[in-house]
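Enquirer: At position 86 of the sequence shown the residue is numbered 85 (numbering that gives the first Met the number 0), and the sequence of numbers has no breaks.
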Amino acid sequence: MLPADDLTSHALDLLERRVPFCQATVVAAGDAASADVGQKLIVPYAGAPMGVIGDDALTQTVAAVAAEQLLAGDVRLVQFHTGGNDGAAGDRRARRAGELEAGAVEVALEPMPPPDQLIIVGAGHIAQPLARIAGVVGFEVTVIDDRERFANRERFPDAAHVVVDAFDHAIAAQQITPWTYLVLVTRGHEHDEPVLQHVAASPAPYIGMIGSRRRVLLVFERLRARGVPDHFVERIFAPIGLDIGARTPEEIALAIMAEIVNVKRGGKASSLTHLLRRV
């Protein structure tokens, strides 16, 4: 068992390095439970858990539920049963230990997700207002372009990162997680295709691409010809943005950011991509 100080140091290190994790803490334990109140488990995203809650079986069960809760994002109380009946029993209100069934423990799951990240691929006229709006909404922005005269601090003073490199090289260097949103606003489909091919298997919840109906269909056709699975192609938001009649770069940027928030929050607003799919 790791000392509490070691777990605290590990959690602080993860926070400093901006590694997402979920902290699980036993807040109540019934008679004959295999875990003690105060025991903790830290479950990093795509990493090995640290700490222990009860025996090995309970630790593994809690770790699996904590990993799922990290993606859900909200704090939750879950009751687990030990002694031959391991497993999460669902949400429970906090209660005194004497009110728990024998062998049961109640665990608080506290996700520590990173800031949402928006990667803008292409630093043209739409990227500038999009970066500004994304910053206001609370996203950490990375801008990528292969032209320094477009991708620079003068044009994107508030972006967390401005990357000047070939699009395929730059996107390969990015860590894409379930908290990463991708927007492609490049100057041509020849730049979109390698980027999309690279992120095809990524856990990004949103991948959007600007373009006319002809350009979008051409990119989709070429991706399929390269062996990119249909299920990935079908989840690309293209044409990009909510259907608000946007025309100016600022309006288009607003429509894009609104679509991202719509996806993040599980909204029901109508996207332009749905119009293309119906054609």
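Heads up, the beta-carbon is just placed ideally off N, CA and C, and yes, glycines get one too.
1. Work out the CA separation of Thr24 and Leu6 for me, nearest whole Å.
2. Quick check: the Cα distance between Thr185 and Asp55, rounded to an integer number of angstroms?
3. Using DSSP with H/G/I as helix, E/B as strand and the rest coil, what is Phe20?
4. Out of curiosity, what's the CA-to-CA distance linking Asp164 and Lys267?
5. When the distance is taken between beta carbons, is Ala107 closer than 8 Å to Gly74?
6. Which value, in whole angstroms, describes the spacing of the CA atoms of Asn151 and Val162?
7. Is it buried or exposed, His80, if we count other Cβ atoms within 10 angstroms and call 16 or more buried?
8. With H, G and I counted as helix, E and B as strand and the rest as coil, what does DSSP make of Ala203?
9. What would DSSP say about Glu233, mapped onto helix, strand or coil?
10. Ser233: buried (16+ other C-beta within 10 angstroms of its C-beta) or exposed?
11. According to DSSP, simplified to helix, strand and coil, what is Asp90?
12. Could you please give the first and the last residue of the uninterrupted beta strand (DSSP E) stretch that includes Ile118?
13. Beta-carbon within less than 7 Å of Ser201's beta-carbon, same chain only, minus the 5 sequence neighbours each way: which residues are those?
14. Return helix, strand or coil for Ser134, following the three-state DSSP convention.
15. Cutting at 7 Å between CB atoms, please list the residues of its own chain near Ala169, excluding the five before and the five after it.
16. Answer with buried or exposed for Glu189, where buried requires no fewer than 16 other C-beta atoms within 10 angstroms of its C-beta.
17. Is it the case that the Cβ atoms of Val256 and Leu99 are separated by a distance below 8 Å?
18. Taking the alpha-carbon of Asp242 as reference, which of Leu216, Met49, Arg131 and Ser270 has the nearest alpha-carbon?
19. Nearest CA to the CA of Leu253: which residue from Asp35, Ala126, Pro193 and Gly265?
20. Out of Glu250, Asp12, Ile239 and Pro177, which has the shortest C-alpha to C-alpha gap to Gly210?
21. Between the segment 219-234 and the segment 113-120, can you find at least three pairs of beta-carbon atoms closer than 8 Å?
22. Taking the C-alpha atoms as reference points, what is the distance between Ala65 and Val42?
23. Determine the extent of the alpha helix (DSSP H) in which Arg264 is found, giving its start and end residues.
24. If you drop the 5 nearest sequence neighbours on each side, which residues of the same chain put their C-beta closer than 7 Å to that of Leu57?
Expert: Looking at the atomic coordinates:
1. Position 7 of the sequence shown holds residue 6. Position 25 of the sequence shown holds residue 24. Roughly 12 Å between the two C-alpha positions.
2. Along the sequence shown, one-based indexing puts residue 185 at 186. Along the sequence shown, one-based indexing puts residue 55 at 56. It is roughly 50 Å from the alpha-carbon of Thr185 to the alpha-carbon of Asp55.
3. Start at 1 with the first residue of the sequence shown, and residue 20 comes out as number 21. Three-state result, Phe20: strand.
4. Locating residue 164 in the sequence shown gives position 165, counting from the first residue. Locating residue 267 in the sequence shown gives position 268, counting from the first residue. Their Cα atoms are separated by approximately 37 Å.
5. The count along the sequence shown starts at 1 and reaches residue 74 at position 75. The count along the sequence shown starts at 1 and reaches residue 107 at position 108. Checking the sequence, you will find Val at residue 74 rather than Gly. Between Val74 and Ala107, the CB-CB gap stays under 8 Å.
6. Position 152 of the sequence shown holds residue 151. Position 163 of the sequence shown holds residue 162. Note on geometry: alpha-carbon atoms of Asn151 and Val162 lie some 8 Å from one another.
7. In the sequence shown, counting from the first residue as 1, residue 80 sits at position 81. By the neighbour-count criterion, in which a residue is buried when 16 or more other Cβ atoms sit within 10 angstroms of its Cβ, His80 is buried.
8. As a working mapping, residue 203 is identified with position 204 in the sequence shown. Look at Ala203 here: in three-state DSSP terms it is coil, with no helix or strand label.
9. In the sequence shown, counting from the first residue as 1, residue 233 sits at position 234. If DSSP states are grouped into helix, strand and coil, Glu233 belongs with coil.
10. What you label residue 233 is simply residue 234 of the sequence shown in a count that begins at 1. What sits at residue 233 in the sequence shown is Glu, not Ser. Around the beta carbon of Glu233, fewer than 16 other beta carbons lie within 10 angstroms, which makes this residue exposed.
11. Your numbering for residue 90 matches position 91 in the sequence shown. Confidence at Asp90 is low in this model, with a pLDDT of 45, below 50, so the placement of that residue should be treated as unreliable; the coordinate-derived value is given next. If DSSP states are grouped into helix, strand and coil, Asp90 belongs with the strands.
12. Within the sequence shown, residue 118 is the residue found at index 119, counting from 1. Residues Gln116 to Val120.
13. Here residue 201 is taken as the residue at index 202 of the sequence shown, counted from 1. Taking C-beta separations shorter than 7 Å and ignoring five residues to either side along the sequence, the partners of Ser201 in its chain run Ile175, following chain order.
14. Your numbering for residue 134 matches position 135 in the sequence shown. The question names Ser, yet the displayed sequence has Gly at residue 134. The answer is helix: DSSP assigns Gly134 an H, G or I state.
15. Working through the sequence shown from its first residue, we reach residue 169 at position 170. In chain order, Ile143 and Val162 place their CB closer than 7 Å to the CB of Ala169, counting only its own chain and leaving out the 5 sequence neighbours on each side.
16. For the purposes of this step, residue 189 is taken as the residue at position 190 of the sequence shown. Its Cβ having fewer than 16 others within 10 Å, Glu189 is exposed.
17. Position 257 of the sequence shown, counted from the start, is the residue given in the question as residue 256. Position 100 of the sequence shown, counted from the start, is the residue given in the question as residue 99. Correcting the residue type first, residue 256 is Met in the shown sequence and not Val. For Met256 and Leu99, no; Cβs fall outside 8 Å.
18. In the sequence shown, the residue the question calls residue 242 occupies position 243. Minimum Cα-Cα distance from Asp242 among the listed residues Leu216, Met49, Arg131 and Ser270 corresponds to Ser270.
19. Translated into positions along the sequence shown, residue 253 becomes position 254. Selected option, being the one with the closest Cα: Ala126.
20. Sequence index remark: in the sequence shown, residue 210 carries index 211 (1-based). Checking every option, the nearest Cα to that of Gly210 belongs to Ile239.
21. By the Cβ test, the segment 113-120 is not in contact with the segment 219-234, since fewer than three Cβ pairs between them sit closer than 8 Å.
22. Residue mapping note: residue 65 aligns to position 66 of the sequence shown, counting from 1. Residue mapping note: residue 42 aligns to position 43 of the sequence shown, counting from 1. Rounded to whole angstroms, Ala65 to Val42 spans 7 Å at the Cα level.
23. Reading the sequence shown from its first residue, position 265 is the one you call residue 264. DSSP places Arg264 inside the alpha helix (DSSP H), whose first and last residues are Pro248 to Arg264.
24. Numbered from 1 along the sequence shown, position 58 holds the residue referred to as residue 57. Around Leu57: Ser33, Ala34, Phe79, Thr81 and Asp85.
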